[in-house]
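Here is the structure we will look at.
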Amino acid sequence: MSQNTQAESGVGMPKEAEYSELVARRQRQGRIWAMVFQAATLVGILALTALLYNIVTESFGLVALENEVDPISLAVRGIPLEELSKEQLQTILEANISAGLLRRFENDQPFAERDRESVYGLVLERVVEPRIVATWTLQESLFQREQIEAEIAAKYPNAVLEFRSWVNPNFVSSTQSSVPIQAGVRTALFGSLWVILITILFAFPVGVGAAIYLEEYADDNPINRLIQTNINNLAGVPSIIYGMLGLAIFVRTMQPLTSGALLGLADASTANGRTILSAGLTLGLLILPMIIINAQEAIRAVPSTLRQAGYGLGATQWQVIWHHVLPSSMPGILTGTILSISRAIGETAPLVVIGASTFIAVDPNGPFSKFTVLPIQIYQWTSRPQDEFRNLAAAAILVLLALLLTLNASAVLLRNRFSVARAGM
Amino acid sequence: MTITLERPMVRRKESPAPQANGGQYAIETNGLNIYYGAFHAVRNVEMKVARRKITAMIGPSGCGKSTVLRCFNRMNDLIPSARIEGEVLFQGENIYADYVDSVEVRRRIGMVFQKANPFPKSIYDNVAWGARINGFKGNVDNMVERSLRGAALWDEVKDKLQQSALGLSGGQQQRLCIARAIAVEPEIILMDEPASALDPIATLRIEDLMQELAKDYTIIVVTHNMQQAARVSDFTAFFSVDEQRTGHMVEFGPTDQIFTNPSDQRTEDYITGRFG
Numbered sequence: 011m012s013q014n015t016q017a018e019s020g021v022g023m024p025k026e027a028e029y030s031e032l033v034a035r036r037q038r039q040g041r042i043w044a045m046v047f048q049a050a051t052l053v054g055i056l057a058l059t060a061l062l063y064n065i066v067t068e069s070f071g072l073v074a075l076e077n078e079v080d081p082i083s084l085a086v087r088g089i090p091l092e093e094l095s096k097e098q099l100q101t102i103l104e105a106n107i108s109a110g111l112l113r114r115f116e117n118d119q120p121f122a123e124r125d126r127e128s129v130y131g132l133v134l135e136r137v138v139e140p141r142i143v144a145t146w147t148l149q150e151s152l153f154q155r156e157q158i159e160a161e162i163a164a165k166y167p168n169a170v171l172e173f174r175s176w177v178n179p180n181f182v183s184s185t186q187s188s189v190p191i192q193a194g195v196r197t198a199l200f201g202s203l204w205v206i207l208i209t210i211l212f213a214f215p216v217g218v219g220a221a222i223y224l225e226e227y228a229d230d231n232p233i234n235r236l237i238q239t240n241i242n243n244l245a246g247v248p249s250i251i252y253g254m255l256g257l258a259i260f261v262r263t264m265q266p267l268t269s270g271a272l273l274g275l276a277d278a279s280t281a282n283g284r285t286i287l288s289a290g291l292t293l294g295l296l297i298l299p300m301i302i303i304n305a306q307e308a309i310r311a312v313p314s315t316l317r318q319a320g321y322g323l324g325a326t327q328w329q330v331i332w333h334h335v336l337p338s339s340m341p342g343i344l345t346g347t348i349l350s351i352s353r354a355i356g357e358t359a360p361l362v363v364i365g366a367s368t369f370i371a372v373d374p375n376g377p378f379s380k381f382t383v384l385p386i387q388i389y390q391w392t393s394r395p396q397d398e399f400r401n402l403a404a405a406a407i408l409v410l411l412a413l414l415l416t417l418n419a420s421a422v423l424l425r426n427r428f429s430v431a432r433a434g435m
Numbered sequence: 093m094t095i096t097l098e099r100p101m102v103r104r105k106e107s108p109a110p111q112a113n114g115g116q117y118a119i120e121t122n123g124l125n126i127y128y129g130a131f132h133a134v135r136n137v138e139m140k141v142a143r144r145k146i147t148a149m150i151g152p153s154g155c156g157k158s159t160v161l162r163c164f165n166r167m168n169d170l171i172p173s174a175r176i177e178g179e180v181l182f183q184g185e186n187i188y189a190d191y192v193d194s195v196e197v198r199r200r201i202g203m204v205f206q207k208a209n210p211f212p213k214s215i216y217d218n219v220a221w222g223a224r225i226n227g228f229k230g231n232v233d234n235m236v237e238r239s240l241r242g243a244a245l246w247d248e249v250k251d252k253l254q255q256s257a258l259g260l261s262g263g264q265q266q267r268l269c270i271a272r273a274i275a276v277e278p279e280i281i282l283m284d285e286p287a288s289a290l291d292p293i294a295t296l297r298i299e300d301l302m303q304e305l306a307k308d309y310t311i312i313v314v315t316h317n318m319q320q321a322a323r324v325s326d327f328t329a330f331f332s333v334d335e336q337r338t339g340h341m342v343e344f345g346p347t348d349q350i351f352t353n354p355s356d357q358r359t360e361d362y363i364t365g366r367f368g
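As they're listed, the protein sequences go chains A and B.
Sequential numbering of the first sequence, starting at 11, is according to our numbering.
Sequential numbering of the second sequence, starting at 93, is according to our numbering.
As structure tokens, then:
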């Protein structure tokens with residue numbers, strides 16, 4: 011009955027009472043959706059927090075240090091080790107390490123030229139030889155201090171408990187080492203910077219150039235449409251496939267060039283193409299489609315009135331592009347480039363295929379060097395069985411994040427300067 | 093400002109020599125048909141635009157008057173599907189001839205658009221840019237001042253030449269666009285509804301300016317505002333649109349005649365507001 015009357019009165023706009031209830035229902039629906047979206051955001055925030063928490067808790071924490079030789083036993087006539095003179099330290103060194111190792115140090119830098127600090131460092135490193143016997147996360151260090159102390163007293167009576175920040179100046183400035191306490195990321199950091207430099211130098215001009223061609227010059231014909239479709243699809247190709255491509259083209263086929271042999275920078279008989287140049291070009295290929303697509307979007311967003319204004323004054327197509335289209339689209343192009351480069355910095359898979367070194371203690375000194383990069387260093391450390399390397403990996407992740415944020419921040423600054431300049435201020 | 097009317101288009105050696113008579117009219121069209129792809133946008137326009145006069149083009153929306161205007165300086169070339177048949181003679185020379193470069197056409201036949209579109213640069217650079225890229229040599233400061241004075245904008249902006257053009261009001265921006273157009277010393281200025289986005293006072297200033305400019309330049313203006321056409325123009329072309337949505341010119345003549353004694357019923361219906 012009521013259904014019927016409703017159906018009859020349901021023609022046209024609803025009556026007042028009915029309408030206010032309808033409005034309330036519509037608003038309720040809206041609130042439910044808002045809550046769903048809020049929950050979605052919350053999931054993202056939680057995931058990010060968990061990630062950061064994980065990294066931070068691994069990067070800092072207590073360690074138990076045990077010395078091979080007790081520094082107190084090295085004291086000379088009651089003077090503690092840290093106050094000994096350079097000559098006394100050198101005597102201790104000579105007495106405790108092998109002649110071969112001594113010669114190696116002499117070769118690195120003659121002892122006559124070394125200062126006291128350098129010799130003291132060698133004594134600490136080679137004679138006292140502190141080892142980490144156990145590590146704890148930040149969480150454990152903060153909340154389970156007593157248990158840790160009890161554990162140490164029971165298991166490692168000689169060990170000293172010490173709070174250690176795995177990210178420290180030493181970590182950033184040391185090279186790779188198989189001894190966790192001495193290991194650092196300098197090589198990987200320089201490797202990453204070099205590779206990114208090559209990537210930007212290659213991908214930015216080529217990508218922006220291709221975008222300009224496709225947007226401004228290319229006719230709308232089947233061939234160009236095919237090219238466009240292919241670029242769009244290439245942006246979704248898994249990165250390891252770019253690694254295979256890079257291996258085939260840059261490492262193998264173009265070996266004389268990428269190894270530097272062609273330029274006489276490497277010995278042709280031992281040269282191989284597993285260099286920074288190959289890696290940079292491969293990552294460049296990887297982000298090229300992204301840069302092209304983003305640059306195209308940015309160029310397309312330039313208002314046509316601006317183009318018409320230029321043409322209307324008798325400008326050639328190139329003058330319009332160079333003076334108006336490019337400057338106006340530059341903030342958008344840079345945004346796309348920033349995103350692409352962030353991706354390239356974190357890429358591991360293609361570089362594994364290319365053959366980045368996993369253990370290398372020599373800084374890269376140019377495009378033709380062997381190299382490792384931060385993500386590979388992290389990957390390599392996480393795959394080690396010892397606990398300490400997990401801490402190192404977490405610390406390296408922090409360094410990688412810092413590098414990423416620094417590069418992004420500088421790119422954003424650059425972009426903002428461009429935007430302000432465009433407003434003609 | 094010196095304007096050489098009988099200046100022929102730049103030509104290559106193998107191109108035909110310029111006609112002895114530079115042409116009686118600023119713009120003259122012969123059997124002009126415009127297509128967008130398969131769509132016949134405008135048919136058979138025969139128009140003779142007198143020099144140093146203001147010619148208005150009026151008509152209902154979609155009648156193709158803006159399309160015709162854009163043909164006069166080859167702006168339609170920028171639309172890939174656009175195609176024209178017939179001739180557009182600029183001082184007796186067909187601007188669609190093979191040897192003519194559209195860049196030169198647009199330099200000599202300037203354009204002011206419906207919506208003011210200053211470059212996102214300083215006021216000074218807005219005016220200087222067009223002249224610079226066209227190879228202007230000499231005192232740029234003087235040229236900028238001359239152009240801004242020509243557009244009746246100098247007094248308002250002389251103290252803030254280095255500020256962004258985007259900070260100007262709509263009417264000022266439009267006059268800046270006019271200043272920018274006359275800086276490259278064109279012979280004709282095309283105006284596509286130049287005051288349609290402006291308030292009445294700014295509109296009046298633009299109209300005064302147009303009459304001032306007509307002493308030196310040929311002006312062709314598209315407008316939706318019939319009072320404007322009646323107020324400023326010497327000649328008026330009335331365009332209409334047929335059942336196939338193809339635009340065509342119904343009537344062309346002195347403005348007084350079109351508005352007081354039109355020869356075509358459709359013109360009369362339109363200007364008296366009876367148009368359906």
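Yeah, the Cβ is synthetic: ideal placement off N, Cα and C, and Gly gets one too.
Could you give the distance in angstroms between the alpha-carbon of residue i and the alpha-carbon of residue j?
i: Thr347/A; j: Ile302/A; result: 9 Å
i: Gly131/A; j: Ile351/A; result: 39 Å
i: Ile331/A; j: Leu290/B; result: 29 Å
i: Lys157/B; j: Pro212/B; result: 29 Å
i: Gly287/B; j: Thr295/B; result: For the record, residue 287/B in the displayed sequence is Ala; it is not Gly. For Ala287/B and Thr295/B, the distance between alpha carbons rounds to 5 Å.
i: Asn231/A; j: Gln238/A; result: 11 Å
i: Leu112/A; j: Arg124/A; result: 13 Å
i: Thr185/A; j: Asn375/A; result: 14 Å
Indicate whether at least one CB of chain A lies closer than 8 Å to the CB of residue i.
i: Pro100/B; result: no
i: Glu343/B; result: no
i: Glu196/B; result: yes
i: Met149/B; result: no
i: Ile146/B; result: no
i: Ile187/B; result: no
i: Val313/B; result: no
i: Phe211/B; result: yes
i: Arg267/B; result: no
i: Val276/B; result: yes
i: Arg272/B; result: yes
i: Leu305/B; result: no
Should residue i and residue j be called a contact, given that it needs their Cβ atoms to be closer than 8 Å?
i: Ala329/B; j: Met203/B; result: no
i: Ile187/B; j: Ile126/B; result: no
i: Gln243/B; j: Ile274/B; result: Correcting the residue type first, residue 243/B is Ala in the shown sequence and not Gln. Yes.
i: Leu408/A; j: Ser175/A; result: no
i: Ile150/B; j: Val324/B; result: no
i: Gly194/A; j: Ala305/A; result: no
i: Ile355/A; j: Leu415/A; result: no
i: Ile364/A; j: Lys380/A; result: no
i: Ala133/B; j: Ile280/B; result: no
i: Val141/B; j: Leu124/B; result: no
i: Ser339/A; j: Val312/A; result: yes
i: Glu196/B; j: Gly324/A; result: yes
i: Val73/A; j: Glu172/A; result: yes
Starting from residue i, find everything on chain A with Cβ-Cβ shorter than 7 Å and list it in chain order.
i: Lys207/B; result: Thr315
i: Asn226/B; result: Gly324
Give the residues of chain B in contact with residue i, contact being defined as C-beta atoms less than 7 Å apart.
i: Gly54/A; result: None at all; the shortest Cβ gap to chain B is about 36 Å.
In chain A, which residues lie with their C-beta within 9 Å of the C-beta of residue i?
i: Gly202/B; result: Gly322, Leu323, Gly324
Any C-beta of chain B sitting closer than 8 Å to the C-beta of residue i?
i: Asp373/A; result: no
i: Asp230/A; result: yes
i: Ser184/A; result: no
i: Gln441/A; result: In this structure chain A extends from 11 to 435, so residue 441/A is not present and cannot be described.
i: Ser338/A; result: yes
Chain A partners of residue i, CB-CB under 8 Å?
i: Trp221/B; result: Leu323, His333
i: Met167/B; result: Gln318, Tyr321, Gly322
Open item on the list: Across the segment 295-311 of chain A and the segment 375-395 of chain A, are there enough close Cβ pairs to call them in contact, namely three or more that are closer than 8 Å?
Closed with: no
TODO: Would you check if the segment 235-251 of chain B and the segment 192-207 of chain B touch, i.e. whether three or more CB-CB distances between them fall below 8 Å?
DONE: no
- [ ] Pair every Cβ in the segment 135-145 of chain A with every Cβ in the segment 104-118 of chain A, then say whether three or more of these pairs are closer than 8 Å.
- [x] yes
- [ ] Say whether the segment 396-411 of chain A touches the segment 181-200 of chain A, bearing in mind that this needs 3 or more beta-carbon pairs closer than 8 Å, one atom from each stretch.
- [x] yes
- [ ] Please confirm if the segment 164-179 of chain B is in contact with the segment 353-367 of chain B, defined as three or more CB-CB distances below 8 Å between the two stretches.
- [x] no
- [ ] Report yes or no: do the segment 308-327 of chain B and the segment 340-357 of chain B share at least 3 C-beta pairs separated by less than 8 Å?
- [x] yes
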